[in-house]
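Structure first, then comments.
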Amino acid sequence: VQLQASGGGLVQAGGSLRLTCTASGIAFSGATMGWYRQAPGKQRELVATVTSRGMTNYADSVKARFIISRDNAKNTVYLQMNKLKPEDAAVYFCHARVYILRVYDYWGQGTLVTVSS
């Protein structure tokens with residue numbers, strides 16, 4: 647299983663970035679996909695998830711600014727991040743949860759987002 651995340655970088659506050667995560671080795675269409683982030687000295691936290699049926703869930707801190715979406719034909723999940731704030735700066739991780747008799751959790755390698763004020 648491989649989750650390849652990309653799209654991080656340096657952006658000014660108020661700007662936008664789009665993160666991309668391409669999965670291989672899993673039944674992508676049946677997986678719940680998500681993005682988490684971890685800032686220095688802080689715990690990893692949920693940013694957004696999208697289920698196999700397209701239901702989305704967002705952290706309160708990113709609602710109305712971030713949009714998670716998926717393309718099952720491309721085994722890819724996206725995170726469109728708008729109106730970025732300095733507090734959004736973190737390493738963003740792609741996550742996949744698959745249910746096959748039990749839960750399997752997979753993580754990508756992370757992509758760094760830096761927001762300058």
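Residues 647 to 763 (the numbering used here) make up the sequence shown, in order.
Where is the CB? At the ideal position from N, CA and C, for every residue including glycine.
From a predicted model like this one, the values you see are computed outputs, not experimental measurements.
Looking at the unbroken beta strand (DSSP E) that takes in GLU691, where does it start and where does it end? For the purposes of this step, residue 691 is taken as residue 45 along the sequence shown, with counting starting at 1. Where GLU691 is concerned, the enclosing beta strand (DSSP E) starts and stops at 691–696.
Which same chain residues, not among the five before or five after VAL657, have their C-beta less than 7 Å away from its C-beta? Counted from its first residue, the sequence shown places residue 657 at position 11. Counting only residues of its own chain and dropping the five nearest sequence neighbours on each side, VAL657 has a CB closer than 7 Å to the CB of LEU663, LEU730, VAL761.
DSSP state of ALA742, grouped into three classes? Looking up residue 742 in the sequence shown gives position 96. ALA742 falls in the strand class under three-state DSSP.
Just to confirm, are ILE672 and ALA735 a CB contact at a threshold of 8 Å? Counting from one through the sequence shown, the residue named residue 672 turns up at place 26. Counting from one through the sequence shown, the residue named residue 735 turns up at place 89. Taking 8 Å as the cut-off, the beta carbon of ILE672 is found no closer than this to the beta carbon of ALA735.
Between GLY661, SER715, TRP681, which lies nearest to THR757 when the distance is taken from Cα to Cα? Counting from one through the sequence shown, the residue named residue 757 turns up at place 111. Nearest of GLY661, SER715, TRP681 to THR757, Cα basis: TRP681.
Does DSSP put GLY754 in a helix, a strand or coil? Here residue 754 refers to the residue found at position 108 of the sequence shown. Note: GLY754 maps to coil in three-state DSSP.
For GLY676, collect the residues of the same chain with a Cβ closer than 6 Å to its Cβ; drop the 5 residues on either side in sequence, then sort them by chain order. Counted from its first residue, the sequence shown places residue 676 at position 30. Once the five neighbours on either side are set aside, the close Cβ partners of GLY676 are SER698.
Strictly by DSSP, which residues pair up with LEU725? By one-based count along the sequence shown, residue 725 stands at place 79. LEU725 is bridged to LEU665, ILE714.
Can you tell which of ASP717, ALA669, ARG683, GLN648 has the C-alpha that lies nearest to the C-alpha of MET727? Reading the sequence shown from its first residue, position 81 is the one you call residue 727. Closest by alpha carbon: ARG683.
Counting along the chain, where does the beta strand (DSSP E) carrying SER647 start and finish? Here residue 647 refers to the residue found at position 1 when the sequence shown is read from its first residue. Position check: residue 647 holds Val in this sequence, whereas Ser was assumed. Here VAL647 belongs to no beta strand (DSSP E), and DSSP marks it neither H nor E.
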